[in-house]
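Only one structure is covered here, and it is reproduced in the block below.
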Amino acid sequence: MWRPSFLPIYARIHACCSVKLFFLSLLSFQNAAVVMLMSYTQQRQASAGAERFAVTHVVLMQEVTKLFASLVWCAVDVYRFVRAHGVDMDEKATALGGPEEARQQPTKVAFVKEASSSSCSSLNEDSNCKNGVAEGLEQIAPPTKADAWRLCKRQFCSELLHQSALWMLLPAVLYSLQNCCIYLALANIEPALFQVTYQSRILITALFMMCFLKRTFSLRQWLALVLLVFGVTAAQLENRVSAVSRQSSVGTFKGNYIIGVAATAASFTMSSAASVLMEGFFKSKSTSLNSFTSTKNVHLSFYSSAYFAALQLLGGVGGGFAEFRQTGLAGSVAAYFRGFDYLVWVLVLLQAIGGLVVAVVLKYSDNIMRTFASGFSLALSGFCSSYLYSFTPGALFLIGNVVSIGAITMYSC
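Each residue of the sequence shown is one higher than the one before, counting from 3 in this note's numbering.
Here it is, written out as structure tokens:
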């Protein structure tokens, strides 16, 4: 008698409910929420006639928030590792291939050095000890709370001073140079041309993944990436064209076209290189990069915070110190956070959470799926704008989103 098999259906449901898909969906909704909230906060302050916040101050606050969140994440990772294994991460990582893999091991070991020296004092006991090690060291007593706390503090400090911090300096510098190139590009070419040209980073990212990460793509996946470029470009071009049509400016855009295009090309090239480097660092199992994902995020957030803080000090050092002498610390802090209301702080928190989610996506997925998540968030934010604002999706926007969703389906099948 034939019986229906529900195994393929269960496998599909299990695949749709995977952790990877959860974080990709979370990244899509986070990107859409950030875009909507960023637009709403600035429009609300402009319509109310209130003094608007400085964008550079918001960026620095989100990097500092991400730094503290990454520190908490790193502390949790260290605590879980010590609680599960109870040994130095450097020694255990050598045997298991890294702290990320070590956390996934079910075996619990506690203070192997001390236990081995005390229990293996004779030849007979040494043979018994070797058998115990072969069985996973499950019979060793767990450490006391004081020993575990002392080990947690030592391992947390060693994680913060891990040699992977030097490697994370490279993508941080690339991201910083990318921001400078974006400002230079937008000062010399139209925003619509910048958006269209900048979408080439999707294909550049795929090429970098082939060269540096030895990733292979089928012909169908390459076609899906090309369709995604056209879809995202069409959807963003609709927004730019509608914004330009509402403006009543006279004359043409003044700027150096060659410098603008060159700066745009440099910006998306450095963005792609930094993203591929981050993915390689997060997935690397080498000795110099065997720290936690949260530790790498701490280092990257620290470099970004230091960069933006130095940029603001160098940009307004005279006025800043003069204002500090006149108004004091309280006045300077109030002036710095001028225009910050509860919605702005929610925006800062969402941006910081997005940085953590991106790290997880790059660790357990790849840059291509991150790009698809960004494309889906573009469609989501566009349809949300039709409810909050007087934005009417045009034919170009709808076609672009349909093509983007079709590209996502084609790539995933």
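Don't be surprised by glycine CBs; every beta carbon is placed ideally from N, CA and C.
In this text, all values refer to a predicted model and were calculated from it rather than measured experimentally.
Other residues of its chain near Y309: CB distance less than 6 Å, five sequence neighbours each side excluded: S178
Through-space distance from T146 to L349, alpha-carbon basis: 42 Å
Whole-number beta carbon distance between S290 and W169, since they are thought to touch under 8 Å: 7 Å
Check: W224 C-beta below 8 Å from any heavy atom of the ligand MN: Looking at this structure, you won't find the ligand MN or any other ligand, since it has none at all.
Nearest candidate by alpha-carbon position, reference S430, set G408, L69, S376 and L39: For residue 430 there is no data in the structure shown, the boundaries of the chain being 3 and 415.
Supposed close pair G233, S406 - CB separation, criterion 8 Å: 3 Å
CA-to-CA distance, I261 to L186, given in whole angstroms: 8 Å
Neighbour-count burial assignment, Q459, 16 or more Cβ in a 10 Å radius: Coverage of the chain is limited to positions 3 through 415, which leaves residue 459 absent and any answer about it impossible.
Rounded straight-line distance, which links the Cα of Q201 to that of L195: 10 Å
Range covered by the alpha helix (DSSP H) that runs through K68: V57 to A86
Spatial distance of E192 from T218 (CA atoms): 35 Å
Stretch pair the segment 56–73 + the segment 294–307: three plus CB contacts closer than 8 Å: yes
Close Cβ partners of A276 (< 6 Å) along its chain, the five nearest in sequence each way excluded: P173, L176 and Y177
DSSP state of L125 mapped onto helix, strand, coil: Only weak support is given to the placement of L125: the predicted model assigns it a pLDDT of 38, under 50, and the question is left unresolved by the model.
Per-residue DSSP class, three states only, for E281: helix
Cβ shell of L205 (< 8 Å), same chain only, five flanking positions each side left out: L227, V228 and V231
Secondary structure of R156, DSSP reduced to three states: helix
Any alpha helix (DSSP H) of 4 or more consecutive residues that is wholly inside the segment 172–221: 193–200 and 203–214
Anticipated Cβ contact below 8 Å, L239 with Q180, distance rounded: The pair is not a contact, with the Cβ atoms about 22 Å apart (cut-off 8 Å).
Meets three-Cβ-pair contact criterion under 8 Å: the segment 267–282 and the segment 52–62: no
Simplified DSSP assignment, three categories, for E53: coil
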